[in-house]
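The opening position of the sequence shown corresponds to residue 16 in our numbering, with each subsequent residue numbered one higher.
A virtual CB, placed ideally from N, CA and C, is assigned to each residue, including glycine.
Small disclaimer: the values here were computed from a predicted structure and weren't measured.
Inspection log for the structure reproduced underneath, given as structure tokens.
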Amino acid sequence: MQTVSLGRPAEALFEPAHVQPMDADAGWRQRIELLRANPLATLPDRLFRETYHSGPFMGRQVHYVSGPEEVRSILHENFMSWGKSPLIMRMLKPILGDAVFVAHGDSWKRQRKTVQPTFLKRRLDRFVPLMVEAAELAIAQLDHDGKPIEIHALLNEVTFFIIERALFSTSSGLDRGALREAFEILLAEIGNVRFSDLIPAPQWVPRLMAPRVRRALGVFRRAAEDQINRRRAVADPCTDLLGLLLSVRDEDTGEGLSDTDIRDTLITFVAAGHETTAVALTWAFYLVANDPACQAGVRAEAETVFGAGAPDADQAGQLHLARQVVEEALRLYPPAPMLGRRALEDTQIAGRKVRKGDMVLLAFYALHRHPEFWDHPDRFDPDRWNPDRRPNNRYLSMAFGGGPRACVGAQFAMMETSIILSMVLSRLTVMPTHGKVEPVMQVTLRPKGGMPLRFERHAA
Ligand code: HEM
């Protein structure tokens, strides 16, 4: 890979907004309120200096980790000893069924092995024109004569456009409007943490679903089943993600996915891959808006690689600086800033004993800003991702998770974010507004109240 460096001293680098930690003497009421409003603010401050902390919380022992060895121990070495957090299971299972994101044990293994090849690089190249089309849409909407425009919602539309068309490239028999409406309701439900969700309850206690959510789930499931039936009825299942899911086989057993697996995987891809990508792009634009030199670098790279047009699949792979900017945005603002797991058996975290039922919080936000592992950790420095400087330890950069359950869509996401960032900056200059920027964790790490920025066509 080519080395791209902007070569600036640390003092010249932009220091973007960070999460304000909770007061050390905050009472229980305040803590519980914060858990809902911004759980990241409740992370013990010491996680930014040490890499492990353990203490009781709401009747359970909770282990907090912010070091690569601890993370590796949980997500790689002992990954089968840990299940996804009860909160995540409670919120996601009613909608995602037993799809790969929530499945465990043999069901997860079988699905993961079958789904993984869908995301091979050579298969993803076919989605580049779709990503380019989405970037053109974004440019048309962002081009606002320098007036402030809220980009988080707008980028959500753009990444939804990509994932929905990547799943269903043909619209025969598909009511895209109804599907969009159903998805909106379902995604809002997934993102809605209720007080009752925070109370430790046995997993068999059902999470009540409002009638409109049940209806939306029905709309989506019927549409997906109809598309699956239509594709199965013809010889060519198409080369979109649905077509790939219909044709992939477990290389050992030769078995494919069941229709229910496929249906639930489709919604999983939307749930896992659309808001995460939109929020990554939102932070990337905020960072470059405050760093004109970096912006000029990305623009110059775009001009060299694809000129006044748009990248093809080969050129998309040459957008090195744009990718470095996205990687740095993912370090500073990991869309999933912490993950929870529950010990399914007695186990250990890098040699420390853990009992069955204990919880662990993998605090990627703290790991990504830990001074032991990063120079000037709170500064925006895309150069740290060039091949000469990027960290060797894979467990330092955790935006896509790690170990056997790492994100299957990481390459897809890197491709779409680097194409959109590069194409937008090749046509528009982005500038900050002067409002307060506050990162809050509301399922993903979002800017509180949105992210207004100003975009202007730059002089040719
Ligand atoms: C910037 C964008 C993205 C980020 C930051 C992200 C982050 C993550 C993370 C942290 C995990 C691990 C969760 C855990 O271990 O509990 C994960 C898993 C997953 N992601 Fe992504 N993701 C992104 C985009 C996508 C896209 C575009 C797709 C699909 C099209 C996708 C599909 C999945 C799936 C299916 C899993 C579950 C894998 C398994 O459990 O085996 N993600 N993602």
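Ser184 - partner residues in DSSP beta bridges: As a first step, residue 184 is located in the sequence shown; it is residue number 169 there, counting from the start. Bridge partners of Ser184: none, in fact.
For Trp400, the three-state DSSP class (helix, strand or coil): Within the sequence shown, the letter at position 385 stands for residue 400. Here Trp400 sits in helix by DSSP.
Ala358 (DSSP reduced to helix, strand or coil): Counting from one through the sequence shown, the residue named residue 358 turns up at place 343. In the structure shown, Ala358 sits in a strand (DSSP, three-state: E or B).
Cβ-heavy atom distance, Phe321 to the ligand HEM, below 7 Å: Within the sequence shown, the letter at position 306 stands for residue 321. It does not: the Cβ of Phe321 is nowhere closer than 7 Å to a heavy atom of the ligand HEM.
Host beta strand (DSSP E) of Thr459 (start-end): Mapped onto the sequence shown, residue 459 falls at position 444. Here the beta strand (DSSP E) through Thr459 covers 459 to 462.
Per-residue burial, Met146 [other beta carbons within 10 Å of its own, 16 or more giving buried]: Here residue 146 is taken as the residue at index 131 of the sequence shown, counted from 1. Buried.
Extent of the continuous beta strand (DSSP E) run through Tyr79: Start at 1 with the first residue of the sequence shown, and residue 79 comes out as number 64. It spans 75 to 80 - the beta strand (DSSP E) in which Tyr79 sits, taken as one unbroken run.
Own chain partners of Thr57 with C-beta closer than 7 Å, once the 5 adjacent residues on each side are dropped: Counting from one through the sequence shown, the residue named residue 57 turns up at place 42. Cβ within range, chain order: Met37, Arg46, Leu49, Leu50.
Cβ-heavy atom distance, Thr291 to the ligand HEM, below 7 Å: If you number the sequence shown from 1, residue 291 lands on position 276. Under cutoff, so the answer is yes.
Lys108, enclosing alpha helix (DSSP H) - first and last residue: Taking the sequence shown and counting its residues from 1, one reaches residue 108 at position 93. Its alpha helix (DSSP H) spans residues 101 to 111.
Burial state of Trp43 (16 or more Cβ within 10 Å): Numbered from its first residue, the sequence shown carries residue 43 at position 28. Its Cβ having fewer than 16 others within 10 Å, Trp43 is exposed.
Start-to-end residues for the alpha helix (DSSP H) that takes in Tyr380: Translated into the one-based positions of the sequence shown, residue 380 becomes position 365. Note, Tyr380: alpha helix (DSSP H), 379 to 382.
Candidates Ala351, Phe321, Phe72, of which the one nearest Ala425 by Cα: Position 410 of the sequence shown, counted from the first residue, corresponds to residue 425. For Ala425, the nearest C-alpha among the options comes from Ala351.
According to DSSP, residues forming a beta bridge with Phe116: As a first step, residue 116 must be located in the sequence shown, where it is residue number 101. Phe116 is not bridged to any residue.
Pairwise C-alpha distance: Gly74 and Asn305: For the purposes of this step, residue 305 is taken as the residue at position 290 of the sequence shown. For the purposes of this step, residue 74 is taken as the residue at position 59 of the sequence shown. C-alpha separation (whole angstroms): 44 Å.
Inter-residue CB distance, Gly332 and Leu90 (contact presumed, cutoff 8 Å): Indexing the sequence shown from 1 puts residue 332 at position 317. Indexing the sequence shown from 1 puts residue 90 at position 75. Between Leu90 and Gly332 the Cβ distance is about 28 Å, and since that is not below 8 Å, they are no contact.
Same chain, Cβ closer than 7 Å to Ala358, neighbours up to 5 away in sequence not counted: Along the sequence shown, read from residue 1 onward, the residue named residue 358 stands at position 343. Answer for Ala358: Ser96, Trp97, Val369, Arg370, Lys371, Gly372, Asp373, listed in chain order.
Pro476: CB within 7 Å of a non-hydrogen atom of the ligand HEM: The question about residue 476 has no answer, for the chain in this structure spans 16 to 475.
Proximity test, Thr18 beta-carbon vs the ligand HEM heavy atom, cut-off 7 Å: As a working mapping, residue 18 is identified with position 3 in the sequence shown. Not under cutoff, so the answer is no.
Near the ligand HEM: Lys99 beta-carbon under 7 Å from a heavy atom: For the purposes of this step, residue 99 is taken as the residue at position 84 of the sequence shown. Checking the Cβ of Lys99 against the ligand HEM gives yes.
Residue burial classification, Ala308 (beta-carbon count within 10 angstroms, cutoff 16): Here residue 308 refers to the residue found at position 293 when the sequence shown is read from its first residue. Answer is exposed; the Cβ neighbour count stays below 16.
Arg87 burial status per 10 Å Cβ neighbour count (16 or more: buried): Counting from 1 along the sequence shown, the entry for residue 87 is found at position 72. By the neighbour-count rule (16 or more Cβ atoms within 10 Å), Arg87 is buried.
Own chain, CB closer than 7 Å to Ala286, minus 5 neighbours either side, in chain order: Residue mapping note: residue 286 aligns to position 271 of the sequence shown, counting from 1. These residues qualify, in order along the chain: Leu111, Leu202, Ile205.
Cβ shell of Gly450 (< 7 Å), same chain only, five flanking positions each side left out: For the purposes of this step, residue 450 is taken as residue 435 along the sequence shown, with counting starting at 1. Contacts found: Pro467.
The beta strand (DSSP E) enclosing His68, as first and last residue numbers: As a working mapping, residue 68 is identified with position 53 in the sequence shown. Where His68 is concerned, the enclosing beta strand (DSSP E) stretches over 67 to 72.
Continuous beta strand (DSSP E) assignments of at least 3 residues falling wholly in the segment 131 to 193: 163 to 165
The segment 269 to 286 / the segment 125 to 141 touching (three or more Cβ pairs under 8 Å): yes
Residue from Gln35, Glu65, Phe63, Leu62 with nearest C-alpha to Pro52: If you number the sequence shown from 1, residue 52 lands on position 37. One point to set straight first is that residue 52 is Ala, not Pro, in the sequence displayed. Answer by Cα proximity: Gln35.
Backbone secondary structure at Arg195 - three-state DSSP: Position 180 of the sequence shown, counted from the start, is the residue given in the question as residue 195. Helix.
Thr275 CB to nearest heavy atom of the ligand ZN below 7 Å: The ligand ZN is not part of the structure shown, which contains the ligand HEM as its ligands.
Backbone secondary structure at Gln330 - three-state DSSP: Here residue 330 is taken as the residue at index 315 of the sequence shown, counted from 1. The answer is helix: DSSP assigns Gln330 an H, G or I state.
CA nearest to the CA of Ile435, picked from Thr297, Met353, Pro419: Here residue 435 is taken as the residue at index 420 of the sequence shown, counted from 1. It is Thr297.
The beta strand (DSSP E) enclosing Phe470, as first and last residue numbers: As a position in the sequence shown, residue 470 is number 455, starting the count at 1. Segment 467 to 472, the beta strand (DSSP E) holding Phe470.
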